[in-house]
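Below is one structure; the comments refer to it alone.
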Amino acid sequence: MKPQAKLKENYPFIFPIQTRWSDNDIYGHVNNVNYYSFFDSAANALLIQKAHFDIHHSPIIGLVVSSSCQFLQELCYPEVIEVGVAIKRMGNSSLEYDLAIFKANQNRAAAQGQFIHVFVDREQRKSTPIPMNMRQALHTFMQVEPDQKFV
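And the structure:
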């Protein structure tokens with residue numbers, strides 16, 4: 138059974154991405170592995186742009202430990218998409234993102250999924266708490282309602 142498409146209004150951070158020629162596969166649509174790349178780019182853009190996370194010099198890094206995607210509509214090159222990001226849960230050392238990909242000028246998700254980052258010490262690769270300044274910056278992007286509005 139096809140899941141209900143989530144709505145763009147439920148995502149406090151929207152990150153535009155231009156699909157590339159190389160994103161299409163032999164079947165003429167964006168290959169499924171690229172959806173995960175779009176999710177990764179948007180989640181990291183949120184960290185960099187809104188929490189001022191320094192991906193090159195920070196003593197901590199975020200490692201993806203879980204991800205999933207539900208495909209609802211095909212995407213294909215050339216197309217500008219928008220990736221919606223909300224933080225579903227903020228743990229001591231982890232962030233669970235709720236993500237959705239929208240075709241330009243569409244309010245219903247073409248794909249939706251989740252992504253979990255666990256933050257670890259860059260050198261030791263041991264779990265480490267999310268710094269307070271990052272927590273405060275990201276709090277704005279927490280989902281307001283536990284149950285998203287569905288269409």
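Residue numbering for the sequence shown follows my numbering, beginning at 138 and increasing consecutively.
All C-beta atoms in this analysis are idealised placements derived from N, C-alpha and C, irrespective of residue type, glycine included.
Note that the coordinates shown come from a computational prediction; the quantities given were computed from them, not determined experimentally.
Give the secondary structure of residue i by DSSP, where H, G and I count as helix, E and B as strand, and everything else as coil.
i, result
"S195", "coil"
"Q249", "strand"
"D258", "strand"
"L275", "helix"
"F208", "strand"
"N244", "coil"
Report the residue from the options whose alpha carbon sits nearest the alpha carbon of residue i.
i, options, result
"Q280", "V202, M227, I198 and C206", "M227"
"F252", "H166, G165 and F175", "F175"
"L236", "V255, Y214, V257 and S204", "S204"
"Q261", "D191, F190 and L200", "L200"
"H276", "L183, I151 and Y164", "L183"
"V202", "A274, F208, V170 and V257", "V257"
"N231", "P149, Q210, S159 and M269", "One detail in the question is off: residue 231 reads as Ser in this sequence, not Asn. Comparing Cα positions, the closest option is M269."
"N168", "L212, E233, A180 and K263", "L212"
Need the endpoints of the alpha helix (DSSP H) that residue i sits in, please.
i, result
"I238", "I238 -> not in any alpha helix (DSSP H); beta strand (DSSP E) instead, spanning S231 to K240."
"A142", "That residue, A142, is in no alpha helix (DSSP H); it is neither H nor E in DSSP."
"N181", "N169 to A188"
The beta strand (DSSP E) that contains residue i, what's its start and end?
i, result
"Q280", "No beta strand (DSSP E) holds Q280; DSSP gives it neither H nor E."
"F150", "F150 to Q155"
Going by DSSP, which residues form a beta bridge with residue i?
i, result
"R226", "E233"
"G221", "I151 and A237"
"V201", "H254"
"S159", "Note: S159 sits in no beta bridge, so no partner."
Would residue i pass as an interface residue toward chain D - the criterion being a Cβ-Cβ separation below 9 Å?
i, result
"N229", "Protein chains in the displayed structure number just one, and chain D is not present."
**Request:** Decide yes or no for the touch test of the stretch 143 to 156 against the stretch 241 to 256: beta carbon pairs closer than 8 Å, at least 3 of them.
**Result:** yes
**Message:** Count Cβ pairs between the stretch 206 to 226 and the stretch 170 to 184 that sit closer than 8 Å; are there 3 or more?
**Reply:** yes
**Prompt:** For the stretch 153 to 166 against the stretch 189 to 200, are there 3 or more C-beta pairs whose distance is under 8 Å?
**Reply:** no
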